[in-house]
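Below is one structure; the comments refer to it alone.
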Amino acid sequence: MKYTYQYRLYPETQQTLTLNEWLRAGRYWYNRMLGERFDWWEKNRCPVNACPL
């Protein structure tokens, strides 16, 4: 039998602002790197990890 635990957070105002900033930065960098990967594909037509350097 597997158990799943769920936890609720009740951060204070400053903690909420900090968490939101971290999430915003994470989304920004994820989307930027994903865009670079798409650009690589458009230029080279091979996956990033399959092309010789």
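Under the working numbering, the first residue of the sequence shown carries the number -2, and numbering increases by one thereafter.
The beta-carbon is built from N, C-alpha and C at its ideal position, and this holds for glycine as well.
Note that the structure is predicted; figures quoted are calculated from it, not measured.
Gln11 carries a helical assignment under DSSP once its states are collapsed to helix, strand and coil. In the same chain as Glu39, and ignoring 5 residues on each side of it, no C-beta atom comes closer than 8 angstroms to its own. Assigned with DSSP and collapsed to three states, Arg5 falls in coil, not helix or strand.
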